[in-house]
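Mapped onto the UniProt record's numbering, the consecutive letters of the sequence shown carry residue numbers 1 to 285. Shown next, in structure tokens, is the structure this report addresses.
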Amino acid sequence: MSRYESPRVNAGAAKVVLIVLIVLVVVGLVAASSVKIVDAGTRGVLLHWSAVDLTQPPLEEGLHFVTPFADDVINIEVRTLKYEKSTTAASKDLQTVRTTVTVNYHPEKEMIHYLYKDLGLDYENRVIQPAIEETVKQVTANYNAEELITKRPQVKADIQDEITDRLNAFNLATEVISITDFEFSLLFSQAIESKVEAEQKAFRAENDLLRIQVEAQQQEAQAFGIANANIAEAEGEAKAIRIINQALAENPNYLEWFKTRAWDGKLPLVVGSGGTPFIQIPVTP
């Protein structure tokens, strides 16, 4: 064979290699389409020729074998999810209120295939958002703007009950529903601040009045006590005078005896003419 001639290729061997490659590709495709993995925290919805197979329960987490090419699996998260929505509504007294509601929920694990069949994956925009908006508008209209603040627990309970009922109908279980914010118009907020300030001033004035009344009562009680003490003292002095007068009337020498008790035992050095002795000492028996 000339060196310029190309080598002959074994046609049979080439065909075998080609067939083996095709078989390997087909087997790989079949194997890839027959094995499905359901991720952690999700449930798998089994589709048969793109239709939800309601005869089979949702697939648990892990590895699953399905009919190749005919079946497919859609993963839907069933862990606790959060949806937050702000909406504007009018109160009973026609005040504009902007309310922010946060809903913590999860799809029902055993009913996930019905949820996907009815709503698909966009169930938040199709169900949760309208439920929050309509519920907030409905409940807000039952209360005055001031009551939305003073009766906040009752408002929250009304909103929570209504949203829960609406979402349960679509196999969505609510866990916690929170009113994270109430925003009122600027004029109403200023009116509330003025009212609170006025109430605080009235409360301080009431406390001041009460303090003044208590102080006046204390002063009155103190004055009454002093007056009683003065009366008692005057009565005591009058009684003492009556006793002394009675003693003098009964015994003229009582006064001399009284002066003797008060005398310190010293005689005056000088006594003027016409002076009266401090003590009259009887000279006759």
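Note that beta-carbon positions come from the ideal geometry of N, C-alpha and C, so glycine has one too.
Residue from the options whose Cα sits closest to the Cα of residue i
{"i": "GLN56", "options": "VAL45, SER50, TYR123", "result": "VAL45"}
{"i": "PRO130", "options": "LYS151, TYR83, VAL26", "result": "TYR83"}
{"i": "GLN95", "options": "ALA169, PHE182, ALA227", "result": "PHE182"}
{"i": "VAL97", "options": "VAL136, ASN125, PHE69", "result": "VAL136"}
{"i": "GLU134", "options": "PHE65, THR164, LEU209", "result": "THR164"}
{"i": "SER185", "options": "ILE177, GLU237, HIS106, THR99", "result": "THR99"}
{"i": "ILE179", "options": "LYS201, LEU172, ILE159", "result": "ILE159"}
{"i": "ALA51", "options": "ILE22, GLY120, VAL30", "result": "GLY120"}
{"i": "HIS106", "options": "ASN142, ALA238, ASN171, PHE69", "result": "ASN171"}
{"i": "SER34", "options": "LYS239, ALA157, HIS64", "result": "HIS64"}
{"i": "ALA169", "options": "ALA157, GLU108, ASP208", "result": "GLU108"}
{"i": "GLU110", "options": "TYR123, ILE22, VAL78", "result": "VAL78"}
{"i": "LEU167", "options": "ARG126, ALA238, ALA157, GLU146", "result": "ARG126"}
Paired residues, beta bridge with residue i - DSSP
{"i": "GLY44", "result": "LEU59, ASN75"}
{"i": "PHE65", "result": "VAL35"}
{"i": "LEU81", "result": "TYR105"}
{"i": "LEU172", "result": "PRO107"}
Residue i versus residue j: straight-line alpha-carbon distance, rounded
{"i": "ARG43", "j": "ASN144", "result": "44 Å"}
{"i": "ARG242", "j": "GLU233", "result": "14 Å"}
{"i": "VAL20", "j": "GLU60", "result": "36 Å"}
{"i": "LYS15", "j": "ILE128", "result": "60 Å"}
{"i": "THR67", "j": "VAL25", "result": "18 Å"}
{"i": "GLY236", "j": "ILE226", "result": "15 Å"}
{"i": "GLU220", "j": "ARG204", "result": "24 Å"}
{"i": "GLY41", "j": "TRP49", "result": "25 Å"}
{"i": "ALA202", "j": "GLU124", "result": "49 Å"}
{"i": "ASN230", "j": "ASN207", "result": "34 Å"}
{"i": "ILE244", "j": "GLU215", "result": "43 Å"}
{"i": "PRO285", "j": "ASN228", "result": "Note that PRO285 scores a pLDDT of 48, beneath 50, so its modelled location is shaky and nothing firm can be said."}
{"i": "GLY12", "j": "ILE22", "result": "15 Å"}
{"i": "ALA223", "j": "GLN217", "result": "10 Å"}
Nonlocal neighbours in the same chain, by C-beta distance under 6 Å from residue i, ignoring five residues either side
{"i": "ASN104", "result": "THR80, LYS82, GLU175, VAL176"}
{"i": "ILE132", "result": "LYS85, VAL101"}
{"i": "ASP39", "result": "ASN75"}
{"i": "residue 286", "result": "Any property of residue 286 remains undetermined from this structure, which presents the chain solely from 1 to 285."}
Residues near residue i in its chain [Cβ-Cβ closer than 8 Å; skip 5 each side]
{"i": "LEU148", "result": "SER91, VAL97, THR140, VAL155, PHE182"}
{"i": "GLY62", "result": "ILE37, VAL38"}
{"i": "LEU47", "result": "ASP53, ASP71, ASP72, VAL73, ILE74"}
Contacting residues, own chain, Cβ-Cβ under 7 Å from residue i (five flanking each side not counted)
{"i": "PHE69", "result": "SER33"}
{"i": "ASN142", "result": "LYS92"}
{"i": "ALA173", "result": "TYR105, HIS106, GLU108"}
Touching by the beta-carbon criterion (3+ pairs, under 8 Å), the region 196-212 and the region 109-119: Contact between the region 196-212 and the region 109-119 is absent, because fewer than three Cβ pairs lie under 8 Å.
Inter-stretch contact (C-beta, 8 Å, three-pair minimum) for the region 55-74 and the region 84-99: The region 55-74, when compared against the region 84-99, does not touch it at the 8 Å Cβ threshold.
Stretch-stretch touch, CB-based, cutoff 8 Å, three pairs: the region 60-73 with the region 145-153: Contact fails: fewer than three Cβ-Cβ distances are below 8 Å.
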